[in-house]
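Let me begin by presenting the structure, written as structure tokens, before commenting on it.
Numbering (UniProt numbering), first residue to last: 1 to 230.
This is the structure:
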């Protein structure tokens, strides 16, 4: 008689064809719980300070861009109103003369005042320096114009033969001599608490002075002359 295979399980032996029952919860997580992560207070503080610093720099940069964009500082203008020459003589490679200048400085800025810390004035002929003088410091308000008088003098100064010959030829042919003038200054631009200092150079090219060969004096030919600022 064939025995029922299921009858063996009733005698206390496990049935190999039946899956073993487990008392364990099939949904139980066997991984140990994660330990709480403690952040370093110093790291958190440094991170926050970095974020605050970056935000501050970004805001400051935007403010500066808007600030400089609205101000748009312009270089000052300079003019030669008049120039008179006296006691002018070139002989035996020696030069003598007095150049009396009336200059005019103009501040084109409507929002900024200017402070000229010192103004150096140099007279040239054919790129050769003849004389130099220092002018007094100058303050200018917005849109101000300021006249300044200056005198450059040469007394028996030695010059090269080619330069003396060139001056003599100009006087004989044209009855005039062309001089160049250079002005340099450290200028401070001021707008409220804003301060910016830069060096400004002004060139006045080809200033024509009428001085015939038989005369020792002369004046600038033409009206006031505007110079170039750099």
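Note that the Cβ used here is the ideal one computed from N, Cα and C, for glycine as well.
Item	Value
Going by DSSP, what residues sit across from residue 100 in a beta bridge?	84 and 151
In the DSSP assignment, what are the bridge partners of residue 78?	105
For residue 222, name the three-state secondary structure that DSSP assigns.	coil
Provide the residue span of the alpha helix (DSSP H) that contains residue 165, from first to last.	161-174
Which residue comes first and which comes last in the beta strand (DSSP E) that contains residue 210?	194-210
Under three-state DSSP, which class holds residue 56?	helix
Hey, residue 183 and residue 115 are a contact pair by Cβ (cut 8 Å); roughly how many whole angstroms apart?	Their Cβ separation, rounded to whole angstroms, is 15 Å, which puts residue 183 and residue 115 out of contact at 8 Å.
In or out: residue 139 buried (at least 16 other Cβ within 10 Å) or exposed?	exposed
If I measure Cβ to Cβ from residue 178 and keep anything under 6 Å in the same chain, skipping five residues before and after, which residues do I get?	206 and 208
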